[in-house]
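So for the first sequence, our numbering puts the first residue at 1461; every next one is plus one.
No residue lacks a Cβ here, since even glycine has one placed at the ideal position from N, Cα and C.
Bear in mind the structure is a predicted one, so any value in this text is a computation, not a measurement.
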Amino acid sequence: MFKTLPGFRDFYPEDCALRNHLFQIWRKTAQSFSFKEYDGPILESLDLFKQKSGDEIVSQLFAFEDQGGRAVALRPEMTPSLARMIGARANALKRPIKWFTIEENFRYERKQKGRLRSFYQFNADIFGEPGAGADAEIIAVLIHSLCVMGLNSDDFVIRVSDRHLWVLYLQSLGLEEEAVSAVLGLVDKMERMPREVLLEKLVPYFNDASEDFLVKVETLTQIRELADLNSFFKAHVAAGELADAVNERLDAWDALIQRLDGMGMKSFIRIDLGIVRGLAYYTGFVFEAFDIQGEHRAIAGGGRYDHLVKKLGGPDMPAVGFAMGDVVIKDLLEEKGLLPTYIQAPDVYVVLGGDEVLSAALQQIQALRLAGYSVDYPIKRVGFGKQFKAANESGARWAAVFGEEEVSQGQVKLKNLASGEETEIPLNRLVEALRELDES
RNA sequence: GUGGCUAUAGCUCAGUUGGUUAGAGCACUGGUUUGUGGUACCAGGGGUCGCCGGUUCAAAUCCGGUUAGCCACCCCA
1461 MFKTLPGFRD FYPEDCALRN HLFQIWRKTA QSFSFKEYDG PILESLDLFK
1511 QKSGDEIVSQ LFAFEDQGGR AVALRPEMTP SLARMIGARA NALKRPIKWF
1561 TIEENFRYER KQKGRLRSFY QFNADIFGEP GAGADAEIIA VLIHSLCVMG
1611 LNSDDFVIRV SDRHLWVLYL QSLGLEEEAV SAVLGLVDKM ERMPREVLLE
1661 KLVPYFNDAS EDFLVKVETL TQIRELADLN SFFKAHVAAG ELADAVNERL
1711 DAWDALIQRL DGMGMKSFIR IDLGIVRGLA YYTGFVFEAF DIQGEHRAIA
1761 GGGRYDHLVK KLGGPDMPAV GFAMGDVVIK DLLEEKGLLP TYIQAPDVYV
1811 VLGGDEVLSA ALQQIQALRL AGYSVDYPIK RVGFGKQFKA ANESGARWAA
1861 VFGEEEVSQG QVKLKNLASG EETEIPLNRL VEALRELDES
């Protein structure tokens, strides 16, 4: 027997039902926020990904040469394709551009808990709006989708940070561009690194002031209140150009929190400058969703990336977005018992009395199907008892009993499988009767 | 890419110091049941014990290799 390739999954009907459940929530959420759905190709030119992420990315891609000698790769993420699509029509698209997609990605890396080689992602992005209102809207989409899944503020938290604020702060300490990104990289790893090791790695940038810097960073990353954030920067950044820029950021923070508070989502937000995200291209707010217990890797992540569209050959285009994978969220929902069962069930299961009723039954089955109902019935002859058992196990709400007695009187018996209640209905009124019963 | 642990039926697992034809529960199929479901009872199908090699009269069991999975590290768009 062949097996699935490492990191790839088979989706048996119950897995597929689950996947559809997730996809439906994602799609409905995006539509509630009036995002438009788009899609792009699974296979792209290898250069597209190199340009965004550098040559090192190639070892983590499913990359190969096609029959025409082109260097191509399965997409590891949607953003480059999206940036290309947006760039190509930037002038013709009404702002703000609110788009989402649900797509499969492929990454050639070692399989791990919460991480596979093939996975699905929900992406939502807003282009053309630089203000914090767009960031708030994106974060709201993320929170809303998690809430619709049945999670609440006891289950997850959105840790929000600010790349731009970090850069300004490090610049105010006199660091040059290269040193800024190196130090940010260290801040990103702070949680997972012993303090002494971290201190050692800071020395090339701060020399004797390393300990002092680390203490400040520890203070900063522990700040959870807007007011504390304000006073920290008032105390640590001297007045001047940089301080003006910092104040602008603090205003943006204020706007962000106010908007989320307005939507009743403030309790999901945790100010946490410890989040940096590895990506160099983030330019403003960055955020990640985590389960409260911290047992899983990030559920979702995103942020503002105002320069990426231009970098990939488009016009200047501010952008903010996030992505949520299907793997971690599925694990979390499973753990919380929030995954529904019986998602692929017919509406009606037809119970057949014998050969004499078959044609009358098939006629009604077809009428029900035309009316939009999902209908199943036993394909081979089976005893009544077995049929009710099958009806029950199918998950159907209704059993439609086409017995010889009923059919000979032009009737059919509808049985509510949950309550056991039975009603006789004229054959030619079956569709209407079902509709009425479902509504009542 | 590095290290540790694991691999027996679709699933969860048992399998004695190496010893006949490798077992259980769940699931699946059929029956008890030609007009009423979740229960019960009976029967059945399903495994080259991950794969390759070695030791042995004899290997699921011992040894080596390999592949896959889990955990940690690295990475994480």
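From the DSSP secondary-structure annotation, give me the bridge partner or partners of residue i.
i     : result
L1534 : L1503
S1621 : V1746
A1523 : A1533
T1801 : According to DSSP, which records beta bridges pairwise, T1801 is partnered with nothing at all.
R1575 : Q1572
P1886 : Q1871
N1876 : W1858
E1497 : F1560
D1751 : F1616
D1836 : Y1809
Relative to the C-alpha of residue i, which candidate in the options has its C-alpha closest?
i     : options                    : result
F1566 : E1537, S1727, L1542, A1584 : E1537
L1680 : L1633, L1768, E1651, D1732 : D1732
W1858 : G1762, Y1809, G1574        : Y1809
D1499 : K1840, W1559, I1885, Y1629 : W1559
F1693 : Q1718, L1628, V1647        : L1628
F1483 : E1701, F1579, R1575        : F1579
R1889 : E1881, A1827, F1848, K1849 : A1827
P1473 : T1801, G1547, A1600, D1615 : T1801
L1689 : W1713, A1698, D1672, G1797 : W1713
L1658 : L1646, A1669, L1887, L1720 : L1646
D1766 : I1546, I1752, F1471        : I1546
V1696 : R1719, E1685, D1672        : The question names Val, yet the displayed sequence has His at residue 1696. H1696 has its Cα closest to that of D1672, out of R1719, E1685, D1672.
P1806 : S1819, Q1824, G1832, Q1823 : G1832
Q1823 : L1887, K1649, A1715        : L1887
I1485 : P1590, I1557, L1799        : L1799
E1497 : P1838, K1488, F1468        : K1488
S1621 : I1729, H1481, D1507, A1698 : I1729
A1740 : D1475, R1623, A1851        : R1623
A1639 : K1554, M1653, K1661        : K1661
G1528 : E1516, Q1511, S1505, V1736 : S1505
E1685 : A1698, I1717, F1666        : I1717
E1636 : P1654, K1649, Y1665        : Y1665
D1648 : W1626, A1669, D1507        : W1626
E1795 : G1738, M1609, A1584        : M1609
K1957 : S1834, I1825, F1844, Y1742 : Given that the chain is displayed from residue 1461 to residue 1900, the structure contains no residue 1957 and the question cannot be resolved.
Q1491 : A1687, A1584, K1463        : A1584
S1641 : V1736, S1727, E1701        : V1736
E1656 : V1891, F1495, L1674        : L1674
R1841 : S1868, I1825, V1811, G1870 : V1811
Output yes or no for whether 8 Å exceeds the beta carbon distance between residue i and residue j.
i     : j     : result
I1586 : I1603 : no
P1501 : K1571 : no
E1509 : P1540 : Residue identity check: residue 1509 is Phe in the sequence provided, not Glu. Yes.
G1762 : F1747 : yes
A1550 : G1774 : yes
Q1682 : A1477 : no
A1533 : L1772 : no
E1816 : E1864 : yes
G1813 : F1848 : no
R1577 : E1569 : yes
E1651 : G1734 : yes
E1589 : R1535 : no
V1872 : E1881 : no
D1615 : I1752 : yes
A1915 : L1877 : The displayed coordinates of the chain run from 1461 to 1900. Any statement about residue 1915 would go beyond what the structure contains.
L1792 : A1779 : no
A1856 : D1836 : yes
A1715 : A1592 : yes
I1562 : F1582 : yes
F1745 : R1764 : yes
So, does the region 1774 to 1786 touch the region 1748 to 1764, judging by three or more C-beta pairs under 8 Å? Counting C-beta pairs with one atom in each stretch, the region 1774 to 1786 and the region 1748 to 1764 have three or more that are closer than 8 Å, which means they touch.
If we count Cβ pairs, one from each stretch, closer than 8 Å, do we get three or more for the region 1669 to 1679 versus the region 1706 to 1721? Too few Cβ pairs lie closer than 8 Å, so no.
Whole beta strand (DSSP E) elements within the region 1755 to 1797, 3-residue minimum: Listed in chain order, the beta strand (DSSP E) elements of length 3 or more contained wholly in the region 1755 to 1797 are 1760 to 1764, 1779 to 1785.
Hey, which unbroken runs of the beta strand (DSSP E) at 3 residues or more fall wholly within the region 1547 to 1612? Counting only runs of 3 or more, we get 1557 to 1566, 1578 to 1587.
Quick one: any contact between the region 1591 to 1600 and the region 1632 to 1652, if contact means 3 or more CB pairs under 8 Å? Contact between the region 1591 to 1600 and the region 1632 to 1652 is not established, with fewer than three Cβ pairs separated by less than 8 Å.
Could you name each continuous alpha helix (DSSP H) segment of 4 residues or more that falls completely within the region 1657 to 1744, going from the start of the chain to the end? Runs of the alpha helix (DSSP H) lying entirely within the region 1657 to 1744 and spanning at least 4 residues, in chain order: 1670 to 1682, 1686 to 1696, 1701 to 1722.
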